[in-house]
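Student: Protein chains in written order, with this note's numbering: chain A, 5 to 283; chain B, 1490 to 1844.
The C-beta atom is built at its ideal place from N, Cα and C for all residues, glycine as well.
In this text the structure is predicted, and so the values were computed from the model without any measurement.
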Ligand SMILES: Nc1ncnc2c1ncn2[C@@H]1O[C@H](COP(=O)(O)OP(=O)(O)OP(=O)(O)O)[C@@H](O)[C@H]1O
Ligand SMILES: [Mg+2]
């Protein structure tokens, strides 16, 4: 992720390839409120990118724009070289973008493996006739979806939980399942909205390891929103800082750590909060 | 943690559902042939079968798709009158009654399915409980249209009028639909066997559907629409698919129901009937097919069995409904149920040492 137009921070291995994601002057207004404005960024094909900022900065709104949950008021999104304008959320998913949600959204009444099978939906070839009659290649397609789902669960060490009800899993495992389901759509880029929220330090360490494994195994880009600075500074190659809907800094972890505007945005908030608490 | 043993659960549900129906048939069929069942109950067997089909198909919309429909009887009505018209028109062309019945049921299913498509396309795009309102209106509209519809058939084909029977201008024809009187001159072709076959067919369609790629997509939309969209599922398409299947099965049930009587009026398929079916589904359990079958059979027979206390019949019926509702919704009753019936399962969980 780089200050447009220079490409300096995209990892060297990705520089010669089309960026997986580009946004140009993206913005959205909710009534009178401008939640995101002039948001431009580029993400390399196998980059791990971070999106940080204080509460209410507009980070989740950016994810909702990228996945067409919201339609932008201004600007364009280019996913793998193609515009996503006027597509539905389901259509952009099929174009190769997958995501998790800040407040977990699993199919909680369904089993763990069925959650992943739903993620595999578009890569499993089963006609309506096969669905109703359980003939016409039903067995073959179900076996394929079961095998692939188990393989993904195994990647996250969850294969033994396959038949459990998703909603009854502990919090950390629900977050992992959400990532597995997103990966099941065979994306080119996965967006993770606060994947470490509510996790203890050992779970967070495991998560960092998993994020790297996702990039290395599936050769995809990862973009994550996180408040855990240790995690962000450790695994992100490029970081974008958002405050009040505007990008206030972009760069490598080192650059971000020493950027005065970033320090001001974070410490300024803390000072205000401290003063509020005193007053 | 709650465990759902999926493969086992699917076969288990199948065995239970098909088993109950086949067992009931094996017991009832010889009894009916031997004349051991009283006339009043014997006459209820086909209606019970059709109401079981209605409940299972409504469960697809309410339990699996998660949309409220208050006009399921409307689809039954479309199927019933399409079926009757088809059967009477084919009286000479298809002399074998079983085949004629089959064709009538299929025609009923197709037309009800088309009605489901016409309603579903505009409504299922919307987010919110619009389906409840529109299906409610649909049920009433269908009733009123059929109430003033006159249909007859003669050598030159079908005649349709909205004013009166004379306006049909038939030559030696047969009147099929006679306005508020409904369909007349139906040859009774329905039988317990036909009813059971239709239930088994419905079970086959619904149980298979629920355990398939398409069915999982439908359940996923119910559990979390936004998440379903985020993995690339086109929501409207799958909602429509489930809704049309549900409507078509209701239409088939309607056709069979109508063939059990010599005349049938549109007011039979009114709002009360829709609510009655919904009550069967809710009491049997949302998404619980076996529950729908049992609840329908018991609750449909209840008023009949209560004939002894004729004056208090509806009072007792209401009390039973409330009691079942309390029992199925209270936490205590659920705990009691789990403690007894899931003991085996819980023990296994404990052995695994999970908490
Ligand atoms: N659908 C909406 N309608 C109106 N306002 C919205 C909507 N979605 C987001 N907002 C507003 O946009 C702003 C940014 O919200 P957003 O959820 O993107 O913040 P965030 O950076 O993800 O914060 P957090 O770290 O708390 O998750 C907030 O002021 C929020 O109230
Ligand atoms: Mg957020």
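#1: Measure the CB-CB distance between residue 239 (chain A) and residue 198 (chain A) and report whether it falls below 7 Å.
#2: Report whether the distance from the Cβ of residue 107 (chain A) to the nearest heavy atom of ligand 1 is below 6 Å.
#3: What distance in whole Å lies between the Cβ atoms of residue 1604 (chain B) and residue 1567 (chain B), which are believed to be in contact at a cut-off of 8 Å?
#4: Mind listing, in chain order, the residues whose beta carbon lies closer than 5 Å to a non-hydrogen atom of ligand 1?
#5: Quick check on the burial criterion: 16 or more other C-beta atoms within 10 angstroms. Buried or exposed for residue 1649 (chain B)?
#6: Straight-line CA distance for residue 178 (chain A) to residue 120 (chain A)?
#7: Put residue 1598 (chain B) into one of helix, strand or coil per three-state DSSP.
#8: For the putative contact between residue 1529 (chain B) and residue 1691 (chain B), defined by C-beta atoms under 8 Å, what is the C-beta separation to the nearest angstrom?
#9: Of the choices B:1598, B:1557, B:1519, B:1551, whose alpha-carbon is the least far from that of residue 1572 (chain B)?
#10: With 16 other CB atoms within 10 Å as the buried threshold, where does residue 29 (chain A) fall?
#11: Just the Cα atoms here: how many angstroms apart are residue 1639 (chain B) and residue 1674 (chain B)?
#12: Less than 7 Å between C-beta atoms, sequence neighbours within five positions excluded: which residues of the same chain meet that for residue 1503 (chain B)?
#13: Just the Cα atoms here: how many angstroms apart are residue 72 (chain A) and residue 1742 (chain B)?
#14: Provide the residue(s) that pair with residue 142 (chain A) in DSSP beta bridges, ordered along the chain.
#15: Which ranges would you report for the alpha helix (DSSP H) in the region 76-130 of chain A if only whole runs of at least 4 residues count?
#16: Taking the C-alpha atoms as reference points, what is the distance between residue 115 (chain A) and residue 122 (chain A)?
#17: Could one say the Cβ of residue 1719 (chain B) lies closer than 7 Å to chain A's Cβ atoms, at least one of them?
#18: Just verifying my parser: in three-state terms, what is the DSSP assignment at residue 38 (chain A)?
#19: Shorter than 7 Å from the beta carbon of residue 190 (chain A) to some beta carbon of chain B?
#20: Are the CB atoms of residue 1755 (chain B) and residue 1727 (chain B) within a distance shorter than 7 Å?
#21: So if I threshold CB-CB distances at 7 Å, which residues from the region 1764-1785 of chain B count as touching chain A?
#22: Spell out whether any CB of chain B is found under 7 Å from the CB atom of residue 25 (chain A).
#23: Between the Cα of residue 1569 (chain B) and the Cα atoms of B:1515, B:1516, B:1652, B:1737, which residue gives the shortest distance?
#24: Let me see if you follow: with CB-CB separation under 7 Å, is residue 1546 (chain B) close to chain A or not?
#25: Can you check which of these residues, B:1500, B:1509, B:1725, is closest to residue 1781 (chain B) by C-alpha distance?
#26: Have a look at residue 1580 (chain B) and residue 1587 (chain B) and give me their C-alpha separation to the nearest angstrom.
#27: From B:1794, B:1621, B:1671, pick the residue whose C-alpha is nearest to that of residue 1637 (chain B); which is it?
#28: Quick check on residue 1555 (chain B) - is its C-beta less than 7 Å from some C-beta in chain A?
#29: If residue 148 (chain A) and residue 117 (chain A) are in contact, beta carbons under 8 Å, what's the gap, nearest whole angstrom?
#30: Is it true that the CB of residue 225 (chain A) sits closer than 7 Å to the CB of residue 113 (chain A)?
#31: If we define contact as Cβ-Cβ less than 7 Å, is residue 126 (chain A) a contact residue for chain B?
#32: Assuming residue 1621 (chain B) and residue 1758 (chain B) are in contact, meaning their beta carbons sit under 8 Å apart, how far apart are those beta carbons, in whole angstroms?
#33: Using alpha carbons as the reference points, say which of B:1678, B:1815, B:1792 lies closest to residue 1804 (chain B).
#34: How about residue 1701 (chain B): is its C-beta nearer than 7 Å to some C-beta of chain A?
#35: Tell me which residue opens and which closes the alpha helix (DSSP H) that residue 1538 (chain B) is part of.
#36: Residue 1508 (chain B) by DSSP, collapsed to three states: which one?
Tutor: For this structure:
#1: In the first chain, counting from the first residue as 1, residue 239 (chain A) sits at position 235. In the first chain, counting from the first residue as 1, residue 198 (chain A) sits at position 194. Contact flag unset, no.
#2: Numbered from its first residue, the first chain carries residue 107 (chain A) at position 103. No, the beta carbon of residue 107 (chain A) sits no closer than 6 Å to any heavy atom of ligand 1.
#3: Here the question's residue 1567 (chain B) lines up with position 78 in the second chain. Here the question's residue 1604 (chain B) lines up with position 115 in the second chain. Contact holds; Cβ gap of about 5 Å.
#4: Result (chain order): A:34, A:39, A:59, A:60, A:61, A:62, A:63, A:64, A:65.
#5: Translated into positions along the second chain, residue 1649 (chain B) becomes position 160. By the neighbour-count rule (16 or more Cβ atoms within 10 Å), residue 1649 (chain B) is not buried but exposed.
#6: Residue numbering aside, residue 178 (chain A) sits at position 174 when the first chain is read from its first letter. Residue numbering aside, residue 120 (chain A) sits at position 116 when the first chain is read from its first letter. Residue 178 (chain A) and residue 120 (chain A) have their C-alpha atoms some 12 Å from each other.
#7: Counting from one through the second chain, the residue named residue 1598 (chain B) turns up at place 109. Helix at residue 1598 (chain B).
#8: Here residue 1529 (chain B) refers to the residue found at position 40 of the second chain. Here residue 1691 (chain B) refers to the residue found at position 202 of the second chain. Rounded, the Cβ-Cβ distance is 26 Å, inconsistent with contact.
#9: One-based indexing of the second chain puts residue 1572 (chain B) at position 83. Out of B:1598, B:1557, B:1519, B:1551, B:1598 has the C-alpha closest to the C-alpha of residue 1572 (chain B).
#10: Counting from one through the first chain, the residue named residue 29 (chain A) turns up at place 25. Exposed, by the Cβ-count rule.
#11: For the purposes of this step, residue 1639 (chain B) is identified with residue 150 of the second chain, where counting begins at 1. For the purposes of this step, residue 1674 (chain B) is identified with residue 185 of the second chain, where counting begins at 1. Going by the C-alpha atoms only, they are around 14 Å apart.
#12: As a first step, residue 1503 (chain B) is located in the second chain; it is residue number 14 there, counting from the start. Answer for residue 1503 (chain B): 1696, listed in chain order.
#13: For the purposes of this step, residue 72 (chain A) is taken as residue 68 along the first chain, with counting starting at 1. For the purposes of this step, residue 1742 (chain B) is taken as residue 253 along the second chain, with counting starting at 1. Residue 72 (chain A) and residue 1742 (chain B) have their C-alpha atoms spaced approximately 42 Å apart.
#14: Mapped onto the first chain, residue 142 (chain A) falls at position 138. None, per the DSSP bridge assignment.
#15: Counting whole runs of 4 or more residues, the region 76-130 of chain A contains the alpha helix (DSSP H) stretches 93-99, 116-123.
#16: Counting from 1 along the first chain, the entry for residue 115 (chain A) is found at position 111. Counting from 1 along the first chain, the entry for residue 122 (chain A) is found at position 118. Near 11 Å, if we compare the C-alpha coordinates of residue 122 (chain A) and residue 115 (chain A).
#17: Taking the second chain and counting its residues from 1, the one referred to as residue 1719 (chain B) is at position 230. With 7 Å as the cut-off, residue 1719 (chain B) counts as an interface residue toward chain A.
#18: By one-based count along the first chain, residue 38 (chain A) stands at place 34. Here residue 38 (chain A) carries a strand assignment [DSSP, helix/strand/coil].
#19: Taking the first chain and counting its residues from 1, one reaches residue 190 (chain A) at position 186. Residue 190 (chain A) does not count as touching chain B.
#20: Taking the first residue of the second chain as 1, we reach residue 1727 (chain B) at position 238. Taking the first residue of the second chain as 1, we reach residue 1755 (chain B) at position 266. Cβ atoms of residue 1727 (chain B) and residue 1755 (chain B): not closer than 7 Å.
#21: none
#22: Within the first chain, residue 25 (chain A) is the residue found at index 21, counting from 1. No, no contact with chain B.
#23: Position 80 of the second chain, counting from 1, holds the residue named residue 1569 (chain B). Ranking B:1515, B:1516, B:1652, B:1737 by Cα distance to residue 1569 (chain B) puts B:1737 first.
#24: Your numbering for residue 1546 (chain B) matches position 57 in the second chain. Not an interface residue.
#25: As a working mapping, residue 1781 (chain B) is identified with position 292 in the second chain. Selected option, being the one with the closest Cα: B:1509.
#26: Locating residue 1580 (chain B) in the second chain gives position 91, where the first residue counts as 1. Locating residue 1587 (chain B) in the second chain gives position 98, where the first residue counts as 1. Going by the C-alpha atoms only, they are around 12 Å apart.
#27: What you label residue 1637 (chain B) is simply residue 148 of the second chain in a count that begins at 1. That would be B:1671, whose Cα lies nearest to the Cα of residue 1637 (chain B).
#28: Position 66 of the second chain, counted from the start, is the residue given in the question as residue 1555 (chain B). With a threshold of 7 Å between beta carbons, residue 1555 (chain B) makes no contact with chain A.
#29: For the purposes of this step, residue 148 (chain A) is taken as the residue at position 144 of the first chain. For the purposes of this step, residue 117 (chain A) is taken as the residue at position 113 of the first chain. The pair is not a contact, with the Cβ atoms about 13 Å apart (cut-off 8 Å).
#30: By 1-based counting over the first chain, the position of residue 113 (chain A) is 109. By 1-based counting over the first chain, the position of residue 225 (chain A) is 221. No, the pair does not count as a contact, with Cβ atoms beyond the cut-off.
#31: Translated into the one-based positions of the first chain, residue 126 (chain A) becomes position 122. Chain B contact via Cβ: present.
#32: Translated into the one-based positions of the second chain, residue 1621 (chain B) becomes position 132. Translated into the one-based positions of the second chain, residue 1758 (chain B) becomes position 269. Actually they are not in contact, since the Cβ atoms of residue 1621 (chain B) and residue 1758 (chain B) sit about 18 Å apart, beyond 8 Å.
#33: Looking up residue 1804 (chain B) in the second chain gives position 315. Cα-wise, what sits closest to residue 1804 (chain B) is B:1792.
#34: Residue numbering aside, residue 1701 (chain B) sits at position 212 when the second chain is read from its first letter. True, the Cβ-Cβ gap to chain A drops below 7 Å.
#35: On the second chain, position 49 is the one that residue 1538 (chain B) refers to. Residue 1538 (chain B) -> alpha helix (DSSP H) spans 1534-1548.
#36: If you number the second chain from 1, residue 1508 (chain B) lands on position 19. Here residue 1508 (chain B) sits in helix by DSSP.
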